[in-house]
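Visitor: Encoded as structure tokens, here's the structure I'll be asking about.
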Amino acid sequence: MKFFIDTANLEQIKEAVQLGIIDGVTTNPSLMAKENIKGIDNIYQHYKEICEIVDGPVSAEVISLDYEGMIEEGEKLAKLHPNIVVKVPITADGLKAIRYFTDNGIKTNCTLIFSAGQALLAAKCGATYVSPFVGRLDDISHDGVDLIRQIVDIYSNYGFQTQILAASVRHPMHIIECAEAGADVATCPLSSMLALLNHPLTDNGLKQFLKDYENSQK
Ligand code: G3P
Numbered sequence: 014m015k016f017f018i019d020t021a022n023l024e025q026i027k028e029a030v031q032l033g034i035i036d037g038v039t040t041n042p043s044l045m046a047k048e049n050i051k052g053i054d055n056i057y058q059h060y061k062e063i064c065e066i067v068d069g070p071v072s073a074e075v076i077s078l079d080y081e082g083m084i085e086e087g088e089k090l091a092k093l094h095p096n097i098v099v100k101v102p103i104t105a106d107g108l109k110a111i112r113y114f115t116d117n118g119i120k121t122n123c124t125l126i127f128s129a130g131q132a133l134l135a136a137k138c139g140a141t142y143v144s145p146f147v148g149r150l151d152d153i154s155h156d157g158v159d160l161i162r163q164i165v166d167i168y169s170n171y172g173f174q175t176q177i178l179a180a181s182v183r184h185p186m187h188i189i190e191c192a193e194a195g196a197d198v199a200t201c202p203l204s205s206m207l208a209l210l211n212h213p214l215t216d217n218g219l220k221q222f223l224k225d226y227e228n229s230q231k
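Using our numbering, you'd call the opening residue of the sequence shown number 14 and step up by one each time.
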């Protein structure tokens, strides 16, 4: 399972890279806004900086809603760095754009996926990744991980190559459950990944080892 970090914060991306657990980065317009980056030139520069830190796919989302705008933006984004993946929303224009990018060798991440049908359409257009939003489904009392299971089944029935990128993953159990369900990638904040580390028996065991070592040296 690949781990992508879901942030545009450079410090957190650097920290995750140092931990050695990061395979890529996902961003969205809300995450970019959180970093207070203003103006398209600064936004593009920020994507380049992310690409310099991480040796792996970096999702950069288009803002346009129409096909022509998506193509223009996506081509500019793709030229920023070879690791850029153009993130496109699941709409009719989005599907057309994904088909165009696929046919022109540009990697895509089809975002805002909330149903198996949407995931099927994205795969038909050759999306590199599909991003079902696990946490946002849980927010409205639907089982987000169930959607991952459904998509895993459908893709494996037909051998679709589109990778399932579990998004809106917000806590360690989401990561574990998405791994059990067979998601190819989980993208989440650094805090959720770090939470996987925690176990009281590890803390107790470590404390005891150190205590025994100190006593043996007296
Ligand atoms: O990148 C999209 C996704 O991960 C958003 O997560 O927590 O805002 O639902 P969240």
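By construction, the Cβ of each residue, glycine as well, lies at the ideal position given by its N, Cα and C atoms.
1) Counting C-beta neighbours from all protein chains within 10 Å, is the total for A180 16 or more, i.e. buried, or is it exposed?
2) Would you tell me roughly how many angstroms separate the C-alpha atoms of I53 and H187, rounded to the nearest one?
3) Measuring CB to CB, does S205 end up less than 8 Å from R183?
4) On the criterion of 16 or more Cβ atoms from any shown chain inside 10 Å, does D19 qualify as buried, or is it exposed?
5) Please tell me whether, using a cut-off of 7 Å, the distance from the CB of G148 to the nearest non-hydrogen atom of the ligand G3P is below it.
6) Report the partner residues of D19 according to the DSSP bridge assignment.
7) Are A194 and R162 close, meaning C-beta to C-beta below 8 Å?
8) With H, G and I counted as helix, E and B as strand and the rest as coil, what does DSSP make of Q25?
9) At the level of alpha carbons, what is the spacing between R149 and T215?
10) Can you pull the DSSP bridge partners for Q176?
11) Please state whether the Cβ-Cβ distance between N122 and V98 is less than 8 Å.
12) Would you mind stating whether A140 and I111 have Cβ atoms separated by less than 8 Å?
13) Between the Cα of K237 and the Cα atoms of G130, L44, L90 and A135, which residue gives the shortest distance?
14) Buried or exposed: where does Y142 fall if 16 or more other Cβ atoms within 10 Å of its Cβ makes it buried?
15) Under three-state DSSP, which class holds S181?
16) Less than 7 Å between the CB of A180 and some heavy atom of the ligand G3P, yes or no?
Guide: Result, derived from the coordinates:
1) So A180 counts as buried.
2) In a straight line, the C-alpha of I53 is about 34 Å away from that of H187.
3) Yes, the Cβ-Cβ distance between S205 and R183 is below 8 Å.
4) So D19 ends up on the buried side.
5) A heavy atom of the ligand G3P is found nearer than 7 Å to the CB of G148.
6) Per DSSP, T39.
7) Judged by their CB atoms, A194 and R162 are nearer to each other than the 8 Å cut-off.
8) Under the three-state reduction of DSSP, Q25 is assigned to helix.
9) Between the C-alpha atoms of R149 and T215 there is a straight-line separation of about 32 Å.
10) Beta-bridge pairing links Q176 to Y142.
11) Yes, these two residues count as a Cβ contact at 8 Å.
12) A140 places its beta carbon less than 8 Å from that of I111.
13) Given a span of 14 to 231 for the chain in the structure shown, any question on residue 237 remains unanswerable.
14) Under this definition Y142 is a buried residue.
15) In this structure, S181 counts as coil in the three-state DSSP scheme.
16) Closer than 7 Å to some heavy atom of the ligand G3P: that describes the Cβ of A180.
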